[in-house]
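Q: Following our numbering, the numbering of the sequence shown begins with 3 at its first residue and continues without gaps.
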Amino acid sequence: MKGESSKAKTIFVTVFLFIMPFLGMLLAIISVDKFKNYDSPYIFAFTFLVLGLLVSFFVQKKIKPYLVLNEKMNVNYRNLNILFAIGIIGLSLFVGQFLNEKISRLEKCEQATVLKKVFKKGGFRRPEKNILVINFNDGNYKYIVEKNKWNNINIGQKLEFCYYNSPIGFNYIEISD
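#1: Tell me, which residues are paired with residue 141 by DSSP?
#2: Just grab the DSSP bridge partners of residue 2 for me.
#3: Are there three or more Cβ pairs, one per stretch, closer than 8 angstroms when the segment 36–45 is compared with the segment 81–92?
#4: With the cut-off set at 7 angstroms, would you say residue 123 and residue 135 are in Cβ contact?
#5: Taking the C-alpha atoms as reference points, what is the distance between residue 155 and residue 127?
#6: When you compare each of 140, 69, 172 to residue 103 by their alpha carbons, which one comes out closest?
#7: Looking at the secondary structure, which residues open and close the alpha helix (DSSP H) in which residue 155 lies?
#8: Would you mind working out which of 114, 15, 58 sits nearest residue 164, comparing C-alpha positions?
#9: Excluding the 5 residues flanking residue 50 on each side, which residues of the same chain have their C-beta closer than 6 angstroms to its C-beta?
#10: Just curious, the beta strand (DSSP E) that residue 40 is in, first and last residue?
#11: Under a Cβ-count criterion, where at least 16 other Cβ atoms within 10 Å of its own Cβ denotes burial, should residue 14 be classed as buried or exposed?
Here's what the structure looks like:
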């Protein structure tokens with residue numbers, strides 16, 4: 003009976019540690035795609051990355067006795083920490099972006115004119131960027147859109163944009179559909 007419980011624990015820990023980094027990377031990719039039009043996307047990413055690292059550090063200390071199955075895992079626990087941290091950081095970015103959008107309030111929607119279209123060709127480890135420079139809220143904003151939307155918008159065209167105000171300071175704009 004004890005052998006079956008130990009085997010089940012081994013399988014669970016292995017699957018958990020295997021899935022955690024991939025889940026974290028997937029969640030990070032999803033959240034980055036959504037917070038790219040925040041007023042301060044780099045500050046947002048840095049804030050929730052550090053928060054994810056801190057949460058990962060404290061959670062790792064608490065669950066170490068449950069994850070370490072043998073002496074080899076104990077010796078190589080730093081490698082397990084990295085796998086776990088990747089997952090928690092991705093989760094932190096995703097949850098932060100999700101909560102920010104839920105607590106943000108629509109401040110105003112208005113027509114904005116597309117002043118310029120900018121295409122930045124991607125390369126190795128650099129995605130292409132399809133940027134619209136718009137005159138919105140008495141200033142010029144860069145708004146990143148998908149390629150098919152970028153192709154269908156012309157310079158001088160008026161689009162309706164909405165500005166969302168976040169209580170935690172990560173305001174953003176969106177095209178109103």
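Backbone N, C-alpha and C define an ideal beta-carbon position, used for all residues, glycine too.
A: According to the structure data:
#1: For this step, residue 141 is matched to residue 139 along the sequence shown. Per the DSSP secondary-structure output, residue 141 pairs in a beta bridge with 138.
#2: Residue 2 is absent from the model: the chain starts at 3 and stops at 179.
#3: no
#4: Looking up residue 123 in the sequence shown gives position 121. Looking up residue 135 in the sequence shown gives position 133. In this structure, residue 135 does not lie closer than 7 angstroms to residue 123 by Cβ.
#5: Taking the first residue of the sequence shown as 1, we reach residue 155 at position 153. Taking the first residue of the sequence shown as 1, we reach residue 127 at position 125. Answer to the nearest angstrom: the Cα atoms are 27 angstroms apart.
#6: Within the sequence shown, residue 103 is the residue found at index 101, counting from 1. The shortest C-alpha separation from residue 103 is found at 172.
#7: To locate residue 155, count along the sequence shown from 1; it is residue 153. No alpha helix (DSSP H) holds residue 155; DSSP gives it neither H nor E.
#8: What you label residue 164 is simply residue 162 of the sequence shown in a count that begins at 1. Comparing Cα-Cα distances from residue 164 to each of 114, 15, 58, the minimum goes to 114.
#9: As a first step, residue 50 must be located in the sequence shown, where it is residue number 48. Once the five neighbours on either side are set aside, the close Cβ partners of residue 50 are 94, 95, 98.
#10: Here residue 40 refers to the residue found at position 38 when the sequence shown is read from its first residue. Here residue 40 belongs to no beta strand (DSSP E), and DSSP marks it neither H nor E.
#11: Mapped onto the sequence shown, residue 14 falls at position 12. Exposed, because fewer than 16 other Cβ atoms sit within 10 Å of the Cβ of residue 14.
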